[in-house]
Amino acid sequence: MATILETAAGAGVFNTLLAAVDAAGLREALDSPGPFTVLAPVDDAFAALPPGTVQTLVENPSQLARILKYHVIAGRHTRDALITQEAWDSLEGAPIAIRSKDPFEVKNATVVTADVECDNGVVHVINRVILPG
Amino acid sequence: MSTTTAPERTKAPLIPPSTHRYAEVIHRLEAGGSMLPDTPENLKQIIGIYKAYAVPMDFYWRDLLYIAERVFLNPLPAFKYFISNEYLDRPNSYAGDQSPLRIWRGTEKAHPELLAFMEWGETRRMPKLLHHLWHDRVNMEFAEACMQAMFWHQGMGGRFNDYLESDAYKANADRAIKAYFKGNPLMLGLYKLFPDMFLEQVRQLSTYANLGLFWEVMAPVFFEMSDIYDEGGFKGVPDAMDFLVNGIFAVAGRPIYHHVFIGGECFEIIPKSEGFTWLYEAALPYVEAVFYRTSPFRGTKSYNAQAGQVPGNQADFHYGILYADVYPVGSAGIPPTLLMQDMLHFLPPYLKEIYKQHRRGEEDELIQLGITFQRSMYNVTSAVIQALRCALLYPLDDTDPKHLQANRAFFEAQMDRFLRPEARLPDIQTQDYR
Amino acid sequence: MTLLLLLFLPVVVACGLPLLPAESPWVRRTALLASLGQLALGLVAWRNPPEDLSLSWLPQLGLRLDLGLDGLSLPLVLLGALITAMAVLATPKAQSRPRLFYALMLGTNVGLMGSFLARNALLFVLAYELILIPTTLLVAIWGGERRAGAAIRFLTYNAVSGLTLLAAVLAFGWLNPGGVDFSFGDLAHHNLTLQQQHWLLALVLVAFGIKLPVVPLHGWQPLTYSQAPTPVAMLLGGVVSKLGAYGLLRFGIQFLPDAWSDWSSWIAAIGAVNAIYGALNAIAQLEMRRLVAYSSLGHMGFLLLALAAATPLSLQGVMAQILAHGLIIALLFCLVGLVDTKTGTTEIPELSGLLNAQRGLPFTMGLMLLALMAAAGVPGQAGFVAELLVFQGSWVAYPIPTLVCLLSSGFTAVYAVRLFNRVGFGRLDNAKANWASTNWGERVPALVLTALVLVGGIWPTFLTGLSEDATAPLALRSSDAVTVIAMAPPTTTSELSA
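Heads up: the sequence lines are chains A, B and C, in that order.
Take 1 as the starting number for the first sequence in the numbering used here and just add one per residue.
Take 1 as the starting number for the second sequence in the numbering used here and just add one per residue.
Take 1 as the starting number for the third sequence in the numbering used here and just add one per residue.
What follows is the structure, encoded as structure tokens:
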């Protein structure tokens with residue numbers, strides 16, 4: 001299997017995410033053994049944000065890192081594991097609510113594809129960028 | 001009342017109508033509108049007052065940063081309002097040619113109307129000191145009152161407050177304090193005796209910086225809104241609100257930091273690398289602390305605990321602009337009155353026209369503009385509510401009834417805060433409220 | 001000549017008003033000019049005291065047109081003319097049926113002038129009764145909601161007052177051996193026994209007690225004062241009630257001194273009761289006009305006390321109180337009327353925060369503060385001067401009633417502060433505060449009256465100068481109150497010794 005980042009690069013719909021990871025300086029962290037559970041927003045999710053949002057974040061690595069870390073949960077958790085709890089703590093610190101089991105919804109995003117296994121964790125593909133709060 | 005710009009639902013609504021007392025407002029929010037009804041006069045009023053607010057705000061943010069970064073721990077800051085030219089010319093990150101994310105088409109330096117007012121005031125050209133002593137100047141005390149509200153209410157969301165209590169912050173502050181008072185045995189001695197006092201002062205100054213960075217964004221947003229309106233670019237109040245929502249998102253990731261310049265060296269008391277964002281650490285706490293809560297103004301409520309006039313629970317405070325009784329009680333220095341007097345100097349002509357035709361005309365412009373300001377802040381709050389909905393919940397045209405119900409619950413929870421009798425939400429629904 | 005003009009100028013103008021078109025601004029202007037002209041004539045009369053006039057009218061009845069001005073009546077004439085002028089100015093420009101209104105106002109003025117200028121008792125009674133008709137009509141046509149009841153009650157009480165007075169005057173003639181020609185000079189030097197004087201004084205006390213008013217006979221006053229339109233209330237409270245005091249001074253002290261001295265302790269007691277009753281009732285009132293009415297009732301108690309004591313100083317206090325209180329009451333009614341015109345209500349629970357500089361009535365409330373302070377007897381204004389003279393002069397004669405009146409004066413501060421606190425301070429309700437502000441035309445009467453009240457406070461001679469020489473001979477007790485003087489021979493005028 002590939003690492004999380006290699007899987008994402010191969011999928012072709014995570015260009016913005018990967019660029020963000022680079023800008024935030026999180027590539028090394030996400031390449032480490034982990035394991036991590038990553039909620040990966042597709043490119044359309046970033047595009048749906050109002051104009052300028054991504055640009056401001058990209059120019060400020062620490063702030064961007066915070067948003068990206070909110071999409072990562074420590075440990076390898078598949079969908080079945082995730083739906084056993086109401087909320088999970090992200091790496092950023094704020095909790096991520098599991099709002100619905102079927103369809104699988106994490107905060108205000110729907111998981112388009114769940115349980116994409118990788119070497120150092122599992123990826124769930126989501127259709128919106130999730131934000132703390 | 002139907003809005004002119006929101007999309008009409010052509011099919012049956014997916015969830016039944018709300019039964020909340022403010023159901024009409026909730027439905028309007030769900031249709032993409034604002035808490036303020038969409039009428040041409042409302043739009044004219046709020047844009048005019050945004051512009052009148054933005055000019056003194058231009059001074060506020062510059063001076064707040066001046067105090068946070070330069071004046072710092074000066075024990076006798078008699079000249080803290082005497083902003084240096086460096087800060088008057090400090091480029092606004094969101095205006096001017098040099099801006100990477102340009103919001104306002106105008107200049108990055110201080111607004112020309114502000115400079116004219118600083119020179120002339122209401123009287124005549126005088127040395128700055130005389131203007132200051134005569135109090136013929138921008139009422140910076142209002143900005144400081146907002147800062148104190150944020151500082152006192154503390155945990156309004158975000159990580160800022162926790163960081164102020166952390167060891168890293170203490171270490172940073174310690175270095176800065178020692179550097180600032182280098183060669184001053186008296187102050188250093190006091191610092192050894194009362195370290196917490198100095199630390200608390202630094203925390204307050206960090207809040208100054210926080211508010212300054214917050215308003216640095218809002219000023220060009222308001223200026224640009226005024227320019228767009230002058231061109232006819234806004235079709236209604238929802239358009240104006242949408243501009244604010246986009247602005248909020250665009251700047252949401254702006255770092256919040258506190259850098260102090262002592263002897264030419266920059267001390268990062270709160271470095272950018274801590275990851276504090278404009279949205280979570282500045283905007284949302286500001287809205288909560290200043291729009292909703294603030295503090296009761298001296299002379300208007302008894303602070304005597306036995307009198308029971310001030311709520312024991314901080315969350316029950318209801319002295320912000322959204323609940324304000326606009327009549328200035330007349331006491332000197334009530335912060336909203338200070339702001340209203342500031343705005344009085346920069347009213348655009350179309351707004352003065354409206355005021356001349358109603359109530360007592362020019363005699364009570366102060367009150368009329370205060371009420372207009374209240375309307376405009378309800379619009380800003382609507383923008384914040386819509387932005388939060390956009391960030392944390394679902395799009396307004398979502399087809400899943402469960403999602404729509406979640407949106408509905410969110411809006412209703414927001415409207416619950418306006419159930420108390422002091423809320424002005426019902427008043428702003430009619431045009432008579434002047 | 002001056003005297004005739006003083007009396008007949010308002011008559012002529014009142015009759016001439018119906019000739020003007022109803023909508024014309026000249027109706028109001030003419031009425032104003034007439035009253036100002038009267039004031040000017042009064043000032044001329046002050047400078048050049050006119051001789052007494054004596055014209056034959058109905059000699060069979062003993063009614064002669066005897067007119068004269070002395071130290072007692074000149075201040076009242078000036079007060080009457082001034083208050084009439086201010087009342088005209090305080091009338092709203094959009095007054096309904098203006099010609100009739102101003103004609104009736106001037107008619108009241110005629111009656112007042114006739115009473116003050118009369119030197120013949122029958123003429124006095126005639127003028128006294130003449131006041132009734134225009135005032136009743138003014139209240140009945142333009143008054144408040146309960147004006148019908150107010151007008152009827154006013155008419156009834158004051159008609160009784162007039163009849164009683166007539167009976168007293170006729171009894172003077174009937175009881176006097178050899179008949180009498182009703183002139184004041186004759187009446188002042190009659191030879192009635194003490195017993196007869198008692199009977200006459202009883203009638204006189206009832207008559208003028210209704211007018212002043214005095215406590216058991218005051219039933220008409222609060223209702224009428226509160227239902228009367230503002231200018232009429234100014235006239236009633238400011239001048240017509242002073243007619244009662246003037247009458248007691250003339251008919252009681254001057255003509256019936258022995259009986260007066262006999263009964264004066266009772267009169268002083270009633271004065272004290274008046275003061276306390278008025279003040280305590282005023283504290284309880286929730287409507288501003290009624291509050292002012294009861295306040296007036298209380299102040300009349302001071303008058304009565306000073307009349308009872310009848311020392312030279314207290315009689316000066318009577319004249320001072322007549323002038324000061326006349327001005328203050330007119331001012332208070334004027335200001336309350338202004339609040340009523342602008343806000344539409346005089347109910348205290350409905351008003352609050354009127355001092356607000358942008359949307360309230362700050363000018364009106366500022367003057368009201370001065371007026372209330374004056375009513376409470378705060379130094380610097382005319383009320384203090386008058387009350388000082390009254391208390392200082394009465395203390396030597398009747399210390400206990402004086403103390404009670406002092407206490408009542410303290411109570412006036414209570415209701416004054418209470419009123420101002422409720423109405424002026426506090427929160428202005430945005431939903432209700434849609435009033436126009438007062439313009440300078442509306443402010444003039446209040447300004448003039450306030451200015452005079454202030455002048456009286458810092459220059460006491462303003463209040464007593466005209467009457468000092470006239471009141472001194474009337475005193476029934478010397479300044480140390482030890483000697484009771486009968487039949488009023490001239491006393492030493494040591495006014496300020498205590």
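Beta carbons are placed, not taken as given, at the ideal position from N, Cα and C, and that holds for glycine.
For Val396 (chain C), the secondary structure class from DSSP, reduced to helix, strand or coil, is coil. Only Ala48, Leu49, Pro50, Pro51 and Gly52 from the stretch 36-52 of chain A bring a Cβ to less than 9 Å from some Cβ of chain B. In terms of CA proximity to His132 (chain B), B:Glu119 leads the group B:Ala143, B:Glu119 and B:Glu144. Counting other Cβ atoms within 10 Å of its Cβ, Ser166 (chain B) stays below 16 and is therefore classed as exposed.
The CB of Ser437 (chain C) comes closer than 7 Å to the CB of Arg360 and Glu363 in chain B, given here in chain order. In this structure, Leu211 (chain B) lies near Trp61 (chain B), with their beta-carbon atoms less than 9 Å apart. Using a CB distance cut-off of 9 Å, Arg427 (chain C) counts as an interface residue toward chain B. For the set B:Ala95, B:Ala110 and B:Asp97, the Cα lying nearest the Cα of Ser84 (chain B) is the one of B:Ala110. Short of 6 Å from the beta carbon of Asn42 (chain B), and not among the five residues preceding or following it, lie these beta carbons of its own chain, in chain order: Leu36 and Val237. Neighbourhood of Asn74 (chain B) in chain A, by CB distance below 7 Å: empty, with the nearest CB roughly 30 Å away. Taking the C-beta atoms as reference points, Glu412 (chain B) is found nearer than 9 Å to Ile26 (chain B). Within the DSSP secondary-structure output, His258 (chain B) pairs in a beta bridge with B:Ile270. Going by DSSP, Gly209 (chain C) is part of the alpha helix (DSSP H) stretching over Leu194 to Lys211. Around Asp325 (chain B), the beta-carbon contacts reaching into chain C at under 8 Å are Arg427 and Asn430. Annotation for Phe36 (chain A): the continuous beta strand (DSSP E) segment containing it runs Phe36 to Pro41. Residues of chain C whose Cβ lies closer than 7 Å to the Cβ of Ile367 (chain B) are, in chain order, Gln358 and Arg359.
In this structure, the beta-carbon distance from Met218 (chain B) to Lys51 (chain B) does not fall below 9 Å.
Unbroken alpha helix (DSSP H) stretches of 4 residues or longer found wholly inside the stretch 225-310 of chain C: 230-235, 241-247, 257-284 and 288-309, given in chain order.
CA-CA distance, Pro216 (chain C) to Met340 (chain B), rounds to 57 Å.
Annotation for Ala90 (chain C): Thr230, Pro231, Met234, Cys334, Gly337 and Pro445 place their beta carbon closer than 7 Å to its own, counting only its chain and skipping 5 residues before and after. Around the beta carbon of Ala40 (chain C), a 10 Å sphere encloses fewer than 16 other beta carbons of the protein chains shown; the residue is thus reported as exposed. Under the 9 Å criterion on CB atoms, Asn434 (chain C) is classed as interfacial with respect to chain B. A distance below 9 Å separates the beta carbons of Arg360 (chain B) and Arg359 (chain C).
Three or more pairs of CB atoms, one per stretch, sit closer than 8 Å, so the stretch 297-307 of chain C contacts the stretch 273-289 of chain C. When only Cα atoms are considered, Gly155 (chain B) and Thr294 (chain B) end up about 13 Å apart.
Closer than 9 Å to the CB of Leu5 (chain A) there is not a single CB belonging to chain B.
Put simply, the stretch 385-397 of chain C touches the stretch 316-325 of chain C. At least three CB pairs are less than 8 Å apart. The bridge partners DSSP lists for Pro95 (chain A) are A:Asp89. Counting only residues of its own chain and dropping the five nearest sequence neighbours on each side, Met1 (chain A) has a CB closer than 7 Å to the CB of Glu117, Cys118 and Asp119. Note: His135 (chain B) is not bridge-paired with any residue in the DSSP secondary-structure output. The DSSP-derived three-state label of Val326 (chain B) is coil. Arg128 (chain A) sits close to Ala45 (chain A), with the two beta carbons spaced by under 9 Å. A residue is called buried once 16 or more other Cβ atoms fall within 10 Å of its Cβ, and Ile73 (chain A) is buried on that count. In the three-state reduction of the DSSP assignment, Asp186 (chain C) falls in the helix class. By the rule that beta-carbons nearer than 9 Å mark a contact, Gly353 (chain C) touches chain B. Its Cα nearest to that of Gly326 (chain C), the residue C:Gly244 stands out among C:Gly424, C:Gly244, C:Leu100 and C:Leu187.
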